[in-house]
Amino acid sequence: MSGPLGDLDWLTRSENRVTVLELLAAEPREYAELQDAIGVSRVTMNRMLDDLEEHGWLVRASRTEEHRITPCGRLVIDEIAEALDAVATARKLRDVQQYLPVESFDFDLRQLENAEVVTPTRTNTVAPLKSSADLALDADYIPFSSCS
70 MSGPLGDLDW
80 LTRSENRVTV
90 LELLAAEPRE
100 YAELQDAIGV
110 SRVTMNRMLD
120 DLEEHGWLVR
130 ASRTEEHRIT
140 PCGRLVIDEI
150 AEALDAVATA
160 RKLRDVQQYL
170 PVESFDFDLR
180 QLENAEVVTP
190 TRTNTVAPLK
200 SSADLALDAD
210 YIPFSSCS
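For what it's worth, this note's numbering labels the leading residue of the sequence shown as 70, then goes sequentially.
In structure tokens, the structure reads:
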């Protein structure tokens, strides 16, 4: 596999590579700091940094200087973070999507990324009802619309 899809496949096949870019996106870091955070051998760390530098996603400095993410590296990690958030939201919603009135949705499902999904279980069949009641009791205001 080559091209952008190959690069994406290569990067995301290793959580360590993604983590290095995330760490560097937050702030420049020294070699030892990266190695400690990732918890890999020196050989693995060197190979990872060489590969990320070869892709143009980081600028590798000496061991005593800070490594920095490049603008291209920032673009890549920002988009991957957004994709990971979307996948996490989709995973959370996959079991309840059959109950969602998606044909009447006029918003992006990503708005539900922080939603708490409560489903009935064999031992607690009223869990969704109890959760709704608890939310209503804690609410300062509940909008009401009549069905006309």
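Even glycine gets a Cβ: it sits at the ideal position worked out from N, Cα and C.
Here the region 193-201 makes no contact with the region 168-178; the two share fewer than three CB pairs at distances below 8 Å.
Under a 10 Å Cβ-count criterion, residue 186 is classified as exposed, with fewer than 16 other Cβ atoms of the shown protein chains found around its own Cβ. In this structure residue 139 is not in contact with residue 99, their Cβ atoms being roughly 17 Å apart against a cut-off of 8 Å. Check the Cα spacing between residue 94 and each of 204, 173, 203, 127: the tightest is with 127.
In the structure shown, residue 87 adopts helical secondary structure according to DSSP, grouped into three states. Annotated as proximal: residue 164 and residue 188, with beta-carbon spacing under 8 Å.
Apart from the 5 residues on each side of it in sequence, residue 211 sits with its Cβ closer than 8 Å to the Cβ of 205 in its chain, given in chain order. Residue 149 is positioned such that its CB atom lies closer than 8 Å to that of residue 81.
For residue 88 and residue 114, the gap between their C-alpha atoms comes out near 12 Å.
For residue 137, the beta-bridge partners assigned by DSSP are 128.
The secondary-structure analysis by DSSP pairs residue 99 across a beta bridge with 135.
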